[in-house]
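>
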Amino acid sequence: MCGIVGGVAERNISEILIEGLKRLEYRGYDSAGLALINHGQVLRERRVGKVVNLEEAVKSHQVAGTLGIAHTRWATHGKPTETNAHPHISGKVAVVHNGIIENYAELKADLQALGYVFSSQTDTEVVAHLVAEALKTADSLLVAVQSIVSKLKGAYALGIVHADYPDELITVREGSPLVIGVGIGENFIGSDQLALLPITNRFIYLEEGDIARLTRTSIEIYAHGTQAVQRPVKELDATVSNSSKGEYKHYMLKEIYEQPEALQQTISQALNGNALREDFLADAEVNFRNIEQIQIIACGTSYHAGMIAKYWAEQLIDVPCQVEIASEFRYRSPVIINRTLYVCISQSGETADTLAALRDTQKRAAAKGLNIATMTICNVATSSMVRETDHHLLTLAGPEIGVASTKAFTTQLAALMLLLLKIGQVKQRISAEQMTEITDALWHCPKVILDTLQHNAEILRLSELFVEKQHCLFLGRGTHFPIALEGALKLKEISYIHAEGYAAGELKHGPLALVDNDMPVVILAPQDDMLDKLKSNMEEVQARGGELFIFADEQSGITEKDRQHVVNIPSVNTWLAPIVYSIPVQLLSYHVAVLRGTDVDQPRNLAKSVTVE
Ligand code: G6P
Numbered sequence: 001m002c003g004i005v006g007g008v009a010e011r012n013i014s015e016i017l018i019e020g021l022k023r024l025e026y027r028g029y030d031s032a033g034l035a036l037i038n039h040g041q042v043l044r045e046r047r048v049g050k051v052v053n054l055e056e057a058v059k060s061h062q063v064a065g066t067l068g069i070a071h072t073r074w075a076t077h078g079k080p081t082e083t084n085a086h087p088h089i090s091g092k093v094a095v096v097h098n099g100i101i102e103n104y105a106e107l108k109a110d111l112q113a114l115g116y117v118f119s120s121q122t123d124t125e126v127v128a129h130l131v132a133e134a135l136k137t138a139d140s141l142l143v144a145v146q147s148i149v150s151k152l153k154g155a156y157a158l159g160i161v162h163a164d165y166p167d168e169l170i171t172v173r174e175g176s177p178l179v180i181g182v183g184i185g186e187n188f189i190g191s192d193q194l195a196l197l198p199i200t201n202r203f204i205y206l207e208e209g210d211i212a213r214l215t216r217t218s219i220e221i222y223a224h225g226t227q228a229v230q231r232p233v234k235e236l237d238a239t240v241s242n243s244s245k246g247e248y249k250h251y252m253l254k255e256i257y258e259q260p261e262a263l264q265q266t267i268s269q270a271l272n273g274n275a276l277r278e279d280f281l282a283d284a285e286v287n288f289r290n291i292e293q294i295q296i297i298a299c300g301t302s303y304h305a306g307m308i309a310k311y312w313a314e315q316l317i318d319v320p321c322q323v324e325i326a327s328e329f330r331y332r333s334p335v336i337i338n339r340t341l342y343v344c345i346s347q348s349g350e351t352a353d354t355l356a357a358l359r360d361t362q363k364r365a366a367a368k369g370l371n372i373a374t375m376t377i378c379n380v381a382t383s384s385m386v387r388e389t390d391h392h393l394l395t396l397a398g399p400e401i402g403v404a405s406t407k408a409f410t411t412q413l414a415a416l417m418l419l420l421l422k423i424g425q426v427k428q429r430i431s432a433e434q435m436t437e438i439t440d441a442l443w444h445c446p447k448v449i450l451d452t453l454q455h456n457a458e459i460l461r462l463s464e465l466f467v468e469k470q471h472c473l474f475l476g477r478g479t480h481f482p483i484a485l486e487g488a489l490k491l492k493e494i495s496y497i498h499a500e501g502y503a504a505g506e507l508k509h510g511p512l513a514l515v516d517n518d519m520p521v522v523i524l525a526p527q528d529d530m531l532d533k534l535k536s537n538m539e540e541v542q543a544r545g546g547e548l549f550i551f552a553d554e555q556s557g558i559t560e561k562d563r564q565h566v567v568n569i570p571s572v573n574t575w576l577a578p579i580v581y582s583i584p585v586q587l588l589s590y591h592v593a594v595l596r597g598t599d600v601d602q603p604r605n606l607a608k609s610v611t612v613e
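Take the sequence shown: its letters are residues 1 to 613, numbered as in full-length UniProt numbering.
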């Protein structure tokens, strides 16, 4: 969702900016643009659609410069047109922006009264005019920016350049992610470090409210806009930088196949044989002993992971657990309860609603003097959520580029189980037998997933039967109800087929009315004590002419028959079955999307990291 890249160097940086935008494509966008400063002029190119369109324009018009900013825009205010694409310009000022300026309408009215003419429908353009106006009295670009940020309400990351300041890039972080990439004799900014990995592995992570002034040889940072501070430079290791597609046609497929290894990594950080490592979440033990319940907050796929954890927490360690979508939680004034562990689950650690829900919870707990603890389960060690919670547990999945989350989801599940084992151990609510059973199953999980991936060709064949369909139902029970929701989400996200996930027990309460000859129904049928009930649901679908696609435990006794397709999934420990049953629904969605010719890694209208509400 909106990507920013910028830089100041001795060499021409147009290609670096374009490469950076390409590396941010996964975030989702609908137009792209850049502005370079060259001999006292702002040179700007903008194009609707993919970054390659912009790249061609930059090449054919030979746009070059040693200072510049670039942007991929995900339309919020105003349609995805060239005039709404960033950068926005006011005289010699050019601005790129990620986030939303909530009070832009009143700022716009004030600026119009001063004679400024707006050429776009965006909220961003006010920033360019505000800086231009401030420069009438301020004695530097930095001072001008410092003087206007207090007028902006909302969330924003900004990159600002001016034609008369050829060695100066100003950047602001307030509620939207932004990193500085530290080079040698050149410096850069990016919405995330992935954008800058080809040029540096040294990063400074700005804090909320920071304004920075970058030149080729210096980086000045001002906390709360004006207080000079030093922020540490962090070096990223090579494994984090591994983000190419390799032999795979799409990132999503690569990431599906990376799951055994990703799980192995996530599990290894916590377990030593059948025991939890002594240092695993050691700093959280006091809090875990104290808490009486868990509240999970998340969005999208991460929310589905949380739903599964709820089943686990209550059944396995007898700890009450609630889970709620962050965009609801943050606005309904929930009662913040003493001795609760608030857990954010987020691949990116930057999702606007989850972050806002966390901050709001912290504020309200502090105001009431409540004793709560906060924790993040996250894939990005340097993210805002990791930095702002008391404790964190990383999913070591490596960068996930495909918009549809795959390996982040299954590693979230593994991390959640590890967290519950730890809480269970601290609270003495888990027996030695259970600990052995589950840790054995966790270690075994990568192998079961490898075996499940062997069914890829079979799933590809079945996916051909979905290509012409308009609708699809996914059914599961218990911990496989969230997997049904996740399967439906995956299918709709990337193939654009309307899909719904249901708890199979709810079939008679509505969805059965939709079942006819044209309705494929995907069933998740692990070997558990709900299997017989699920078989009855399958009968109900068949009796109405529905076509069944069943992912069933190889011991389940469910066999192929007319309009009943079965893929045998290797037997797996019941606790961890939802991790394994994620794989066939991911593969099914992937193949259907490829056959329908959609943009699998960057589905229309969606973004990987939703950093605005
Ligand atoms: C977007 C992504 C999803 C993701 C959700 C939550 O919708 O497309 O894949 O599940 O955001 O993101 P988070 O980074 O907080 O897990």
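Beta carbons: idealized from backbone N, C-alpha and C, even for Gly.
Is it right to say Ala-432 is buried, meaning 16 or more other beta carbons lie within 10 angstroms of its own, or is it exposed?
exposed
> If you drop the 5 nearest sequence neighbours on each side, which residues of the same chain put their C-beta closer than 7 Å to that of Thr-598?
Ile-494, Ser-495, Tyr-496
> In this structure, what does DSSP give as the bridge partners for Cys-2?
Bridge partners of Cys-2: none, in fact.
> Taking 8 Å as the threshold (C-beta atoms), are Asp-553 and Gln-527 in contact?
Yes, Cβ-Cβ distance for Gln-527 and Asp-553 is below 8 Å.
> Helix, strand or coil, according to DSSP, for His-86 in the structure here?
coil
> Put Tyr-165 into one of helix, strand or coil per three-state DSSP.
Residue state, collapsed to three classes: coil.
> Which same chain residues, not among the five before or five after Val-594, have their C-beta less than 7 Å away from its C-beta?
Val-600
> Looking at Ile-189: is its Cβ nearer than 8 Å to the Cβ of Gly-6?
Closer than 8 Å, so yes.
> Please name the residue, chosen from Ile-345, Ile-89, Arg-46, Ser-90, that lies closest to Thr-81 on a Cα-to-Cα basis.
Arg-46
> Indicate, with yes or no, if the ligand G6P has a heavy atom lying under 7 Å from the CB of Lys-608.
yes
> Tell me where the beta strand (DSSP E) around Ala-284 begins and ends.
For Ala-284, there is no enclosing beta strand (DSSP E), since its DSSP letter is neither H nor E.
> Check whether the Cβ atoms of His-71 and Gly-99 lie closer than 8 Å to each other.
no
> Does at least one heavy atom of the ligand G6P sit under 7 Å from the Cβ of Ala-404?
yes
> Classify Cys-378 as helix, strand or coil using the three-state DSSP reduction.
strand
> So Tyr-251 and Ile-401 are supposed to be a Cβ contact under 8 Å. How far apart are they, rounded?
4 Å
> Sort out for me which residues DSSP pairs Glu-15 with in a bridge.
Paired residues: none, contrary to the question.
> Any idea what DSSP makes of Gly-181, helix, strand or coil?
strand
> Across the region 15 to 33 and the region 180 to 199, are there enough close Cβ pairs to call them in contact, namely three or more that are closer than 8 Å?
The count of Cβ pairs closer than 8 Å, one atom from the region 15 to 33 and one from the region 180 to 199, reaches three, so the stretches are in contact.
> Okay, do the region 445 to 456 and the region 568 to 582 touch, 3+ Cβ pairs below 8 Å being the bar?
Proximity of the region 445 to 456 to the region 568 to 582 meets the contact definition, three or more beta-carbon pairs being nearer than 8 Å.
> Using the Cβ count rule (16 or more neighbours within 10 Å means buried), how would you classify Lys-254?
buried
> Give the secondary structure of Ser-241 by DSSP, where H, G and I count as helix, E and B as strand, and everything else as coil.
Bear in mind that the predicted position of Ser-241 carries a pLDDT of just 48, short of 50, making it too unreliable to give a figure here.
> Note the first and the last residue of the continuous beta strand (DSSP E) segment covering His-99.
Position check: residue 99 holds Gly in this sequence, whereas His was assumed. Unbroken beta strand (DSSP E) run through Gly-99: 93 to 101.
> Measuring alpha carbon to alpha carbon, tell me which of Leu-606, Glu-314, Arg-44, Pro-520 ends up nearest Arg-429.
Glu-314
> Say the cut is 7 Å; is the CB of Thr-301 nearer than that to a heavy atom of the ligand G6P?
yes
> Of all Cβ atoms in chain D, is any one closer than 8 Å to the Cβ of Asp-139?
Judged by its chain identifiers, the structure shown contains no chain D, having just a single protein chain.
> Spatial neighbours of Val-126 within its chain, please: C-beta separation below 7 Å, excluding the five flanking residues on both sides.
Ile-101, Tyr-104, Leu-107, Lys-108, Leu-111
> How is the beta strand (DSSP E) around Ser-346 delimited, first residue to last?
340 to 346
> In terms of residue numbering, what span does the beta strand (DSSP E) encompassing Ser-31 cover?
31 to 38
> I need the straight-line Cα distance from Gly-154 to Ile-483, nearest angstrom please.
35 Å
> Can you give the Cα-Cα distance for Arg-27 and Gln-259, rounded to whole angstroms?
21 Å
> Return the residue from the list Ser-244, Thr-479, Ile-294, His-565 that minimises the CA-CA distance to Gly-505.
Thr-479
> Between which two residues does the beta strand (DSSP E) holding Pro-520 run?
520 to 525
> So does the region 580 to 588 actually touch the region 7 to 15, counting three or more Cβ pairs closer than 8 Å?
no
> Rounded C-beta distance between Val-161 and Ile-69? I'm assuming under 8 Å.
6 Å
> Would you decide whether Leu-130 is buried or exposed? Buried here means 16 or more other CB atoms lie within 10 Å of its CB.
Counting Cβ neighbours within 10 Å, Leu-130 comes out buried, since at least 16 surround it.
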